[in-house]
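**Q** Each residue of the sequence shown is one higher than the last, beginning at 8 in our numbering.
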Amino acid sequence: MPREYQDVQLNDQVKKVLVREGSDGCSYVLVEEIRDAFLYICDKFELHGVPVPFLENDSHERLYPERIAYYPGEVLTVVPLAQTLSSPQPTAIVPSRVFVRREQSLFTLLDVQTKKLTSVMSVLDSLQDQVDQLGRNTQQSDVKMSQILATQKNIAETQDKLLGKMDMVIANTEALLTQTFELHEYTLPRLFIVLPEVAYHGLNPAMILSKYTSVRYRLYFLCECGTHTSPTGPHRLNHIHIARHEGYEIKHPTEFFRKYGPHVLRLLHVLKFGIKLASGAIPALSTINAMDLPEDITDDLESKVTSCIQYLSAYQKSLDYNVPGMDNGTTTADDFGPSKSHLDDIVQIEGADLRQLDSFLQKKDPSRALGNLFRTVDEHGHVKWICLDHYRSTYHLRQDREFENQILLNQGVYDKRLGIVAVVLPSSDAIDAFLTAMTRAGAFNELDIHLHNYSYHDLKTLGQSLSKTNVSKLTLTGHHYKEISSMYRKKLSPILSIMAAGKVRYFQFKDTKDLIPSRGVEIPKSMSAVRSLELSSISLKDGHEVFAKILHACSDLAVFRLTDTSMKPSYLSPTLGGLSSSGNLRVMSLRNCDISTDSAEALATFLKTCPKLIELDLSQNCLDDSSCCEIIDAIGNQLVKLSLSNTGFGDESAMALERNIGGELLKHLDISNSSEELSSDAMESIIRLMSRLRCTELMLPRVQDPSDDLYAKAIARLDASKLEHLEIEGSSCGDQTALSLARMLSVPLQALVRFKVDLPRLTLTGALALGDALPSDCQVATVSFGGSQLFQSSAYESRSLQSLFTSVCSRLTTLALTDTAIDDKVASYLCEALRGDNAACRLENLDLSDNKMTPVGGAMVLECLHHNETLQTLRMGSQSFVEFGSMGSAVQRFLETNRTVRCLSVSHVNLCELSLGLSHNANTLKAIEVQYVDGQIDDVFAFGDYLKSSQNTLLRLVVRQARVCDDEPSLEHLSQLLKQNQTIVDLEWDHVLQRYLDRNRDLWRKKADAKEMDLILAGIDPWTARAICRGAE
């Protein structure tokens, strides 16, 4: 991935500083690196005159080392340090006293001389008095001069203020006059471009309008954002860009280009090559991220712009500009040099011309949406048309805070970087308050909303609110619709209105089983704006015909996903018929939809009519080998993603893959967990296919024994340079597979993030080789040695075991050592890698069940995990512990001390010690499975008291092989306490107690308040978890 840099300017010097990424995914720039770049001590930064804050933690303290946020495409300015200049002190005129020495006469006897001297002295005294007076006058003059200078300075400052205010008044007056003129003059956006619906390569540009009448053009308005707006979107977009709108088809293109051709051509040049303006910048089209462009035009956009410039230039030369009404402007490459610093230098179009623009648009705009642009006025009075995102980011800051408060109030999440809002609304009042704040809030693109106790009115309000936002994707989960059952059909009407409105284009509906009624609902004739439709757990028992009509109305559907829904042949055929109206279908998923072999032919026939389909997911369906083969032959070599896991994928299907898949396009292939194991010949077909594949995600199938050599050959043929996800689950994979994997992993795979392999036939040699080659930075790394009897032989070196356990514990997230003959000695080496003070350990799931440890070894393992900070799931039940209660005290101490484990499976405990340990647990445990449980009647009562207590955080409890008192009073007592349970939603207890659980299960499940994800983490399968959540409502 290329590195990113932040442009930073000090005076006239601009340098690039490396951008780093924090653990929370946010990008930042270190202040110290900015100082090093300029060799200058700087503590203040600005962006467009606004101070840039330092990043802080939740306590509003600066993060160290000091850092600031990353602003893509912007230039940060370093504020120079203020220099304190010492003013020269005014020079005071200090009067100097003139002392005249009096010469006394030496001839005291002469009277005449004495008189003369006396006269002289008198004159001198008089002169001295005059000098003194002059000094005093000079001091007074200095004071008066200082006062005059101060008065002059005040006059100058006042004059400057008056001139400044006069300039401001003049500027405001000019802005007001400009605003008055432009509000009247520019009633339509003045920035727009025209693109062909497809790039017409090879056609004569001069003849394209006159001869090729089938060429159709669409007009797209541009957002005039810049320095007068606030950045918005995931990439902090703040430059002139194409507005998010489907555009307007142009009628009479010849007349249109005769009038507006030069104007369109100038803007196309600017958009293609980019330009720097005083009010902002327009980046070159090639540098703009696809996420920041309207989705309708991202395909082949540069080619469309280039071809449009070519034939508009040629067409412009062929016109006679003396015809009245022609725009006589000409456009050359020199028109966009550095001298064009203002947008007005490029946009040379009058308001009168703009007012005629509407007459050339094929589809009128009665709502005056004008490309989803809003008219605003900048500080100079100029009218600017900006998109909804920039409008809200600039003017709706207060409303944004109110909206964020509503999200927090309803325990929601607002990801501003991605523009996603997820919220759970428990009542109609909460729904109204949230939707009211949402309509006034800033820009976000996706809304994931869970409605509880909602009504038809709430859905209608949701549709009205969405029409006032920029939401393009809606994920709706509905719980407990308040209308009566006969009115269920009303639920669909407001949803169809949202789909037909055209604002929201991507829809996902979860757990809305009764969404589709059998009749009584009016389907809009067209919902062509819908691009994606995803549904899960719906019922089509009576509504499959209505569902087919809905799909038929979505004539431009590109993504269709249907999950956990029964699709009998009588349901599937109408559904495929409805989808046939969309000629743009690119993604289709029918996962876990009970599709049988009887529907394979109809499905294959439909797939032949989908030339643009690139992703197909038919996993977890009842398709046999021949059905999978027929589907693969029908779809051919056009797919980028193919998922056929948990189907009947077999020999015929494998050979069909080799026959049809070229390998260059296919990036995701999942053929794992099939009901049939491949023969060696079929696996050879897969091996030959491996040499052609360039997959990023690959899940290999199961193969008949012996398969170790076949898997090794497949891995050796695989190009893993771009591999992100690899799964191998073979029943006989061993050393050869491990060694082949080690060779593959010895080369750093930068893209690999998920890795899962089962090696049930492995020996210590293969394990050591694989352990040394395992990547240390893989996000999810799972290896299972289960069933391999890896440590059966006592001829092993302690150093080898220490090296193996250190490698796997520091590089894997899940390690399965089930039935690998681990005894107490081997367990001691494992404990060294698992201890809580070992910071390198990153294991999250560990399975040590069914081994040969004694209670001493089991207690040793539990003790080393007391302070482990990563482990979440631990399984270590084993018959080797022998005696009932032999692990009780060790399990009790572990429960009282560990703070991270959420799921625990143990055996041979006493019910009393289990109750004590659970009572003192740190409220982290969500599921526990215990086998071979011992206890007396008092222990049963104590355990029952724990189940009803506030300390109980368990969601799932499984008790097997319980040797506890099973008399009627104790069982009835435990059953009654379960009625008061507020947390547990899944409980099994062999054997006698089970009938009491079954009798009251629905009652205490309804009292539980658990989230679906917590249930899945507790070990409950997703289907049951969803059923429990729906039942609790």
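Ideal Cβ placement from N, Cα and C applies to all residues, glycine included.
1) Checking 8 Å against the spacing of the C-beta atoms, do residue 671 and residue 701 come in under that value?
2) Hey, is residue 12 close to the ligand MG, as in C-beta under 7 Å from one of its heavy atoms?
3) Counting Cβ pairs closer than 8 Å, one from the stretch 786-804 and one from the stretch 812-827, do we hit at least three?
4) Identify, in the order they occur along the chain, each residue of the same chain with its Cβ nearer than 6 Å to the Cβ of residue 412, setting aside the five sequence neighbours on each side.
5) Are the beta-carbon atoms of residue 697 and residue 724 separated by less than 8 Å?
6) For my contact list, residue 733 and residue 775 are in at a C-beta cut-off of 8 Å; report their separation, rounded to the angstrom.
7) Taking only three categories from DSSP, how would you classify residue 554?
8) Relative to the C-alpha of residue 522, which residue among 533, 485 and 513 is closest?
9) For residue 686, which residues from the same chain have a beta carbon less than 7 Å from its beta carbon, with the 5 sequence-adjacent residues on both sides left out?
10) Using the beta-carbon count (16 or more within 10 Å), is residue 316 buried or exposed?
11) At which residues does the alpha helix (DSSP H) containing residue 585 begin and terminate?
12) Use the C-beta contact count for residue 935: other C-beta atoms within 10 angstroms, 16 or more gives buried, fewer gives exposed.
13) Could you tell me which residues DSSP pairs with residue 55 in its beta bridges?
14) Spatial neighbours of residue 195 within its chain, please: C-beta separation below 6 Å, excluding the five flanking residues on both sides.
15) Kindly indicate which residue of 901, 794, 432 and 586 has the alpha-carbon position closest to the one of residue 534.
16) Taking C-alpha atoms, which residue in 940, 911 and 915 lies nearest to residue 928?
17) Taking residue 1 as the reference, give the member of 852, 35 and 72 with the closest Cα.
18) Looking only at its chain, what residues have a beta carbon closer than 8 Å to the beta carbon of residue 460, apart from the 5 residues adjacent to it on each side?
19) What number of angstroms, rounded off, separates the C-alpha of residue 27 from the C-alpha of residue 756?
20) Are there 16 or more other CB atoms within 10 angstroms of the CB of residue 191, so buried, or fewer, so exposed?
21) Could you pull out every unbroken alpha helix (DSSP H) segment of at least 4 residues lying fully inside the stretch 710-778, listed in chain order?
22) Whose C-beta lies closer than 7 Å to the C-beta of residue 446 among residues of the same chain, with five residues either side of it excluded?
23) Secondary structure at residue 967, three-state DSSP: helix, strand or coil?
24) Taking the straight line between their C-alpha atoms, what separation do you get for residue 676 and residue 735?
25) Taking the alpha helix (DSSP H) that residue 469 falls in, what are its first and last residues?
26) In terms of alpha-carbon separation, which member of 890, 876, 862 and 870 lies closest to residue 846?
27) Closer than 7 Å by C-beta to residue 323: which residues in its own chain qualify, once you throw out the five before and the five after it? Chain order, please.
28) If residue 620 and residue 602 are in contact, beta carbons under 8 Å, what's the gap, nearest whole angstrom?
29) Go through its chain and collect everything with a Cβ distance to residue 680's Cβ below 6 Å, but skip five positions before and after it.
30) Identify whether residue 429 lies in helix, strand or coil by the three-state DSSP scheme.
31) Beta carbon of residue 857, beta carbon of residue 885: below 8 Å?
32) Determine the contact status of residue 901 and residue 869, defining contact as a CB-CB distance below 8 Å.
33) May I ask you to list the residues that DSSP assigns as paired with residue 917?
34) Hey, how far is the Cα of residue 564 from the Cα of residue 506?
35) Along the chain, where does the beta strand (DSSP E) containing residue 203 start, and where does it finish?
36) Does DSSP put residue 934 in a helix, in a strand, or in coil?
**A** In terms of the structure at hand:
1) yes
2) Among the ligands in the structure shown, none appear at all, so the ligand MG cannot be discussed.
3) yes
4) Once the five neighbours on either side are set aside, residue 412 has no close Cβ partner at all.
5) yes
6) That pair is no contact at about 21 Å.
7) In the structure shown, residue 554 sits in a helix (DSSP, three-state: H, G or I).
8) The option with the nearest alpha carbon to residue 522 is 485.
9) Excluding its 5 nearest sequence neighbours in each direction, residue 686 has C-beta neighbours in its own chain below 7 Å: 658 and 711, listed in chain order.
10) buried
11) 576-586
12) buried
13) None, per the DSSP bridge assignment.
14) 361 and 364
15) 586
16) 911
17) The structure shown does not extend to residue 1, since the chain spans only 8 to 1040, so no value can be given for it.
18) Within the same chain, residue 460 has close Cβ partners 433, 434, 435, 486, 487 and 489.
19) 22 Å
20) Burial check for residue 191: the Cβ neighbour count within 10 Å stays below 16, so the residue is exposed.
21) Within the stretch 710-778, the runs of alpha helix (DSSP H) at least 4 residues long that lie entirely inside it are, in chain order, 715-724 and 742-752.
22) Here the set comprises 472, 475 and 476.
23) In the three-state reduction of the DSSP assignment, residue 967 falls in the strand class.
24) 12 Å
25) 463-473
26) 876
27) Only 268, 269 and 272 meet the Cβ criterion.
28) Not a contact, Cβ separation roughly 17 Å.
29) 652 and 653
30) strand
31) yes
32) yes
33) 941
34) 12 Å
35) 199-203
36) strand
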